[in-house]
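A.B. asks: Position one of the sequence shown corresponds to residue 422 (the numbering used here), numbered consecutively onward.
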Amino acid sequence: IVSLKDLDLNTISESHLMSSYIHPMIQCIFDLNDDYKIAHRSNILEDENGLDQRPDYVVDVYEDYRLSHQTCFGEIKPNGSPHTKTIVDFYRLAIFSKNTLEQHNLNGVVSFQTIGSFTTFYLTALVNDFYVMTELTTIRLPMTKPFVLDLILCLDDLLSICTLHHSLSKLPSTQVVPTTLTVPFSLINITKTIPAKRRPSLSSIAASSSQQ
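If you want it as structure tokens, here you go:
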């Protein structure tokens, strides 16, 4: 982890956690040796209704230089986040994975949920006509240099996940993943009056004040 320093960090924000810790790890195990895969942050803006229908993190796969599909989704929350939000993130991962399996006829999708320094990986696949989301492993990322050797204990798990992710692909045309009903995002998203990632403009504040 390039940004790892021996400092007493009080609070790590979601953006800091993603860019300095999660992105280097996911990039190394999922896209570093694949020229046709790109691991990146995807949740930058929300839609006009304030509903967040993008994952925090995604791995895109390209075919013939064009975006084809996704093989991994991630949701990230810092330490101290409300349990309701982390539970919603888990359901979001399930929906992202299921929709991608159906839309692109894949044999599986990897996802991960990060809460603070802990990251749990999952595999979603269609098994005997049931969508199964299997927990693979949980690893703890070191936040300071004294704990960097803890990564050695996770290398076998990370290699297994890397190998599994590399095996994900589209199914033959003779095997079709059936399309089924999915819980709408509006039912699992927490209602927000003002989107957290979109601040009101000065003009809108001024207009609101003048009307009062």
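No residue lacks a Cβ here, since even glycine has one placed at the ideal position from N, Cα and C.
All of these numbers come straight from a predicted model, not from anything done at the bench.
Measuring straight from C-alpha to C-alpha, what distance separates D577 and C449?
C.D. replies: By one-based count along the sequence shown, residue 577 stands at place 156. By one-based count along the sequence shown, residue 449 stands at place 28. Whole-angstrom Cα-Cα distance: 14 angstroms.
A.B. asks: Return the Cβ separation of I497 and L557 in integer angstroms, given the expectation that the two are a contact with Cβ distance under 8 angstroms.
C.D. replies: Within the sequence shown, the letter at position 76 stands for residue 497. Within the sequence shown, the letter at position 136 stands for residue 557. No, I497 and L557 are not in contact; Cβ-Cβ is about 17 angstroms, not under 8 angstroms.
A.B. asks: If I'm right that V509 touches T492 with Cβ under 8 angstroms, what's the distance once you round it to whole angstroms?
C.D. replies: Sequence index remark: in the sequence shown, residue 509 carries index 88 (1-based). Sequence index remark: in the sequence shown, residue 492 carries index 71 (1-based). Contact flag wrong, Cβ pair sits at about 23 angstroms.
A.B. asks: Mind checking if T521 is an interface residue toward chain D, Cβ cutoff 8 angstroms exclusive?
C.D. replies: The question asks about chain D, but that chain is absent: this structure has only one protein chain.
A.B. asks: So, are the CB atoms of N528 and L580 less than 8 angstroms apart?
C.D. replies: Indexing the sequence shown from 1 puts residue 528 at position 107. Indexing the sequence shown from 1 puts residue 580 at position 159. Going by beta carbons, N528 and L580 fall outside the 8 angstroms limit.
A.B. asks: What is the residue span of the beta strand (DSSP E) that T505 lies within?
C.D. replies: Residue mapping note: residue 505 aligns to position 84 of the sequence shown, counting from 1. It is not in any beta strand (DSSP E) - T505 instead sits in the alpha helix (DSSP H) that spans H504 to H525.
A.B. asks: In the segment 444-500, which residue ranges form an unbroken beta strand (DSSP E) of at least 3 residues, counting only runs that do not cross its ends?
C.D. replies: Segments of the beta strand (DSSP E) lying fully in the segment 444-500: 458-462, 478-484 and 487-498.
A.B. asks: Straight-line CA distance for P541 to V553?
C.D. replies: In the sequence shown, the residue the question calls residue 541 occupies position 120. In the sequence shown, the residue the question calls residue 553 occupies position 132. At residue 541 the sequence reads Thr, which differs from the Pro that was named. So the alpha carbons of these two residues sit roughly 16 angstroms apart.
A.B. asks: If we call anything under 8 angstroms between Cβ atoms a contact, is T555 one with L544?
C.D. replies: In the sequence shown, the residue the question calls residue 555 occupies position 134. In the sequence shown, the residue the question calls residue 544 occupies position 123. It is a contact, given that the beta carbons lie within the stated cut-off.
A.B. asks: Going by CA-CA distance only, name the one from D455, T559, H587 and F494 that's closest to Y486.
C.D. replies: Taking the first residue of the sequence shown as position 1, residue 486 is located at position 65. Y486 has its Cα closest to that of D455, out of D455, T559, H587 and F494.
A.B. asks: Cutting at 8 angstroms between CB atoms, please list the residues of its own chain near S590, excluding the five before and the five after it.
C.D. replies: Mapped onto the sequence shown, residue 590 falls at position 169. Within the same chain, L527 and N528 come within 8 angstroms of S590 by CB-CB distance, once the 5 residues on both sides are set aside.
A.B. asks: Along the chain, where does the alpha helix (DSSP H) containing I582 start, and where does it finish?
C.D. replies: Taking the sequence shown and counting its residues from 1, one reaches residue 582 at position 161. Taken as a continuous stretch (DSSP letters only), the alpha helix (DSSP H) holding I582 covers L576 to H587.
A.B. asks: Here's a check: name, in chain order, each residue in its chain whose Cβ is nearer than 6 angstroms to the Cβ of F533, leaving out the five neighbours to either side.
C.D. replies: Counting from one through the sequence shown, the residue named residue 533 turns up at place 112. Counting only Cβ-Cβ distances below 6 angstroms, and skipping sequence neighbours, we find G495, T540 and F542.
A.B. asks: Smallest Cα separation from P476: which of Y442, I582, S594 and I516?
C.D. replies: Locating residue 476 in the sequence shown gives position 55, where the first residue counts as 1. Distances from the alpha-carbon of P476 to those of Y442, I582, S594 and I516 put I516 closest.
A.B. asks: Rounded to a whole number of angstroms, what is the C-alpha to C-alpha distance between L572 and P445?
C.D. replies: Locating residue 572 in the sequence shown gives position 151, counting from the first residue. Locating residue 445 in the sequence shown gives position 24, counting from the first residue. Going by the C-alpha atoms only, they are around 13 angstroms apart.
A.B. asks: When the Cα of Y442 is compared with those of L562, V569 and T432, which residue comes out closest?
C.D. replies: Residue numbering aside, residue 442 sits at position 21 when the sequence shown is read from its first letter. Comparing Cα-Cα distances from Y442 to each of L562, V569 and T432, the minimum goes to L562.
A.B. asks: Kindly indicate which residue of I582, Q596 and K519 has the alpha-carbon position closest to the one of F551.
C.D. replies: Here the question's residue 551 lines up with position 130 in the sequence shown. Minimum Cα distance to F551 is reached at K519.
A.B. asks: Thinking L547 and L514 are a contact (beta carbons under 8 angstroms), I'd like their distance in whole angstroms, please.
C.D. replies: Within the sequence shown, numbered from 1, the residue matching residue 547 stands at position 126. Within the sequence shown, numbered from 1, the residue matching residue 514 stands at position 93. Contact flag wrong, Cβ pair sits at about 16 angstroms.
A.B. asks: Start and end of the beta strand (DSSP E) containing S532?
C.D. replies: For the purposes of this step, residue 532 is taken as residue 111 along the sequence shown, with counting starting at 1. Note, S532: beta strand (DSSP E), V530 to I536.
A.B. asks: Give me the Cα-Cα distance between P499 and T507, rounded to the nearest whole angstrom.
C.D. replies: Taking the first residue of the sequence shown as position 1, residue 499 is located at position 78. Taking the first residue of the sequence shown as position 1, residue 507 is located at position 86. Approximately 10 angstroms between the Cα atoms of the pair.
A.B. asks: When you compare each of H490, S434 and S436 to I459 by their alpha carbons, which one comes out closest?
C.D. replies: Counted from its first residue, the sequence shown places residue 459 at position 38. Measuring from the Cα of I459, the nearest candidate turns out to be H490.
A.B. asks: Taking the straight line between their C-alpha atoms, what separation do you get for C575 and Q474?
C.D. replies: Sequence index remark: in the sequence shown, residue 575 carries index 154 (1-based). Sequence index remark: in the sequence shown, residue 474 carries index 53 (1-based). C-alpha separation (whole angstroms): 31 angstroms.
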